[in-house]
Amino acid sequence: MDDQVGTRITEVPHKALTGEIKAYYIMGEDPLQTEADLGLVRKGIEALDFVVVQDIFMTKTAEMADVLLPATSWGEHGGVFTAPTAGSSGLNRRSLRRGM
Numbered sequence: 001m002d003d004q005v006g007t008r009i010t011e012v013p014h015k016a017l018t019g020e021i022k023a024y025y026i027m028g029e030d031p032l033q034t035e036a037d038l039g040l041v042r043k044g045i046e047a048l049d050f051v052v053v054q055d056i057f058m059t060k061t062a063e064m065a066d067v068l069l070p071a072t073s074w075g076e077h078g079g080v081f082t083a084p085t086a087g088s089s090g091l092n093r094r095s096l097r098r099g100m
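Residue numbers are given in UniProt numbering: position 6 of the sequence shown equals residue 6, and the series is strictly consecutive.
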């Protein structure tokens, strides 16, 4: 792993406004609804050249994306899931068939 600390999510708007960050790929987050300074976040996203959002919902942030990609919820794919609070994992079978 790289020994340098990456960019914290709260630093992204500032770095977008200074031109340090040109593009942003956002997965399952809605910074335009959850961050403390929503005005700064909006200005930061507007300053980016390219924004991709991958989510299961049409969020405020997704509305500003250049590209919106679908995501699957827990019931739409199978595999092992780990609960960060409980430390347990289990195998989940996909609940929905394709085409439903």
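Think of the CB as a built atom: it goes at the ideal place given N, C-alpha and C, for glycine as much as any other residue.
Note that the coordinates shown come from a computational prediction; the quantities given were computed from them, not determined experimentally.
Do residue j and residue i come within 8 Å of each other at the CB atom, strictly closer than that value?
i            : j             : result
aspartate 49 : lysine 22     : yes
lysine 43    : proline 13    : yes
serine 73    : isoleucine 56 : yes
leucine 32   : leucine 40    : no
Should residue i go down as buried or exposed, given a rule of 16 or more other Cβ atoms within 10 Å for buried?
i            : result
alanine 65   : buried
valine 53    : buried
alanine 36   : exposed
alanine 71   : exposed
isoleucine 9 : exposed
With DSSP as the reference, please indicate the residues paired to residue i in a beta bridge.
i             : result
isoleucine 26 : Val53
valine 67     : Val52
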